[in-house]
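*Asks:* In my numbering, the protein residues as written are -14 to 358.
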C-alpha cells in the first residue's frame, strides 16, 4: 500500500480511535471505587454549602489518578452548580500566573491578558466571582511537584487556601496529585496551618485488572473480532511487566495502525510484535537522551561486556575507566535501574555483601541503535 493509499483509505479497524487517547475517560471506570469515594467525601461538604476538604492523591505513574479525578469532577458538575472544578497540569503551568489563568479561564471562558493587567486584579476577579455566586472551588493540581521545583508551591497554595481572609465566604479545596511518593512538602507555616490533607493512595494495577482494562478499551475502540483475546493477554503481560498502563493502551493503538497499513482486516501477532519493537526503541531513545556522561559510560560498559557482570566487577571496571568512589558508582547504577534500563538480581554473598548480577532489560542492539555509546 502506497503513502497516498494509506492516507485516503476509508476502511478502518477502529470504531473509535479516540478511545486510545491519553485524555479519554471511559464510561465504566473500574478498580478505583474506593479512591473515588474518598475524593467524593472531600468534595461533599462543598455541595452542602460548606468548605471542601483538601487531599493528597498518591500513586506511581499510570495508576489512574488523573482519570479518577476527571471522572469525579465530571460527576460533581453534572449533579450540582454549587461547585466549580478545575483540573490543572502543573507540568504545563508552573507559575503563579499560569495556575490562576487556568482558573480564570474556567470561570470566564477565556484566558486573562498576559500583559498590562496586574495579578492582583485577576486574583480579585476570581475570588469576587466565587463570593458573589456563592460557589465553592476545587482545584486539582496534577504533578504538583513541578510547583515545588519552580518554587511556586507555597504561594499558589497560600493564595488559594487563605483567600477567605480577604474575601469572606470564599471556599476553596485542593487535590494535590503526586507520582513521586518520596516528595516532602516544604510548605511554610502559613500554608501548613490550612493545608491539612487526607491521603488517597492508588496502588499499581494487578495483571488481571490490566487485562480487563485493555479488553474494555478494545471493545470501545475497535470493531468486533479485530484482535484476539490471546493477543490482548500478550499486551497485558508486557504492560504489567513495564508497570505502566499507558504502554498497553499505546500498543493497542499502534498495533491497529500497523495492521491497517498492512491492509489487514485483523491485528495479528506480527503487528503486535512490531508495535512493541517500535515502542522499545522510542522509550530507550528518550531515556538515553537524559543520561549524564558518567551514566552513559557505565551503560556502555554493561552493553559491550561479553561476560556476566556482577556489581562488584562492574564497579571495578567503572572506577578504572572513569575514576570516582564506589558510592558514586553505586548511585549511577541505581539511576540506570530506576530508569528501567537495567535490572539487578541478587545471586548470593559477595565481597561487599549480597552480590548482584547486572542484566540488560533489552537487546544490546536496541540500545546501540538509539544512541552512540
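Backbone N, C-alpha and C define an ideal beta-carbon position, used for all residues, glycine too. Because the structure is a prediction, the values reported are computed rather than measured.
Would you mind listing the beta strand (DSSP E) stretches within the stretch 124 to 184 that are 3+ residues and don't spill past its ends, in chain order?
*Replies:* The qualifying runs are 157 to 163.
*Asks:* Is it the case that the stretch 24 to 37 contacts the stretch 109 to 125, given that we only count it when at least three CB pairs across the two stretches are under 8 Å?
*Replies:* Result yes; three or more Cβ-Cβ pairs closer than 8 Å.
*Asks:* Quick one: using the 10 Å Cβ neighbour count with 16 as the cut-off for buried, is residue 331 buried or exposed?
*Replies:* Exposed is the call here.
*Asks:* What do you reckon, are the CB atoms on residue 137 and residue 224 nearer than 8 Å?
*Replies:* No.
*Asks:* Tell me the DSSP bridge mates of residue 121?
*Replies:* DSSP, once it has assigned bridges, lists 68 as partnering residue 121.
*Asks:* Where does the unbroken beta strand (DSSP E) through residue 102 begin, and where does it stop?
*Replies:* First-last for residue 102: undefined, no H or E at that position.
*Asks:* How is residue 54 classed by DSSP in three states: helix, strand or coil?
*Replies:* DSSP places residue 54 in helix when its eight states are reduced to three.
*Asks:* Using three-state DSSP, classify residue 186 as helix, strand or coil.
*Replies:* It is a strand residue.
*Asks:* Is residue 245 buried or exposed, if buried means 16 or more other CB atoms sit within 10 Å of its CB?
*Replies:* So residue 245 counts as buried.
*Asks:* If residue 40 sits next to residue 164, beta carbons under 8 Å apart, how far is it from one beta carbon to the other, in whole angstroms?
*Replies:* Not really, about 15 Å apart at Cβ, beyond 8 Å.
*Asks:* Judging by CA-CA distance, which residue of 195, 179, 228 and 251 is the nearest neighbour of residue 208?
*Replies:* Of the listed residues, the one whose Cα sits closest to residue 208 is 251.
*Asks:* Ordered along the chain, which non-local residues of its own chain (more than five positions away) have a Cβ less than 6 Å from that of residue 294?
*Replies:* For residue 294, where only same-chain residues beyond five positions count, the Cβ hits under 6 Å are 343.
*Asks:* Just list the residues that DSSP pairs residue 42 with in beta bridges.
*Replies:* According to DSSP, residue 42 bridges with 162 and 185.
*Asks:* Considering only DSSP beta bridges, list what residue 327 is partnered with.
*Replies:* Looking at the DSSP assignment, residue 327 forms a beta bridge with 345.
*Asks:* Just the Cα atoms here: how many angstroms apart are residue 182 and residue -4?
*Replies:* When rounded, the distance between both Cα atoms is 51 Å.
*Asks:* Which whole-angstrom value describes the C-beta separation of residue 175 and residue 143, a residue pair presumed to lie in contact below a C-beta threshold of 8 Å?
*Replies:* Their Cβ separation, rounded to whole angstroms, is 6 Å, which keeps residue 175 and residue 143 in contact under 8 Å.
*Asks:* How far does the alpha helix (DSSP H) with residue 256 in it extend, from its first residue to its last?
*Replies:* Element bounds for residue 256: 254 to 274.
*Asks:* Is residue 36 near the ligand GTP, with its Cβ less than 7 Å from a heavy atom?
*Replies:* For the ligand GTP, the structure offers nothing, since it holds no ligand at all.
*Asks:* Classify residue 225 as helix, strand or coil using the three-state DSSP reduction.
*Replies:* If DSSP states are grouped into helix, strand and coil, residue 225 belongs with the helices.
*Asks:* For residue 229, count neighbouring Cβ atoms within 10 angstroms of its own Cβ and tell me buried if that reaches 16, exposed if not.
*Replies:* Residue 229 comes out buried.
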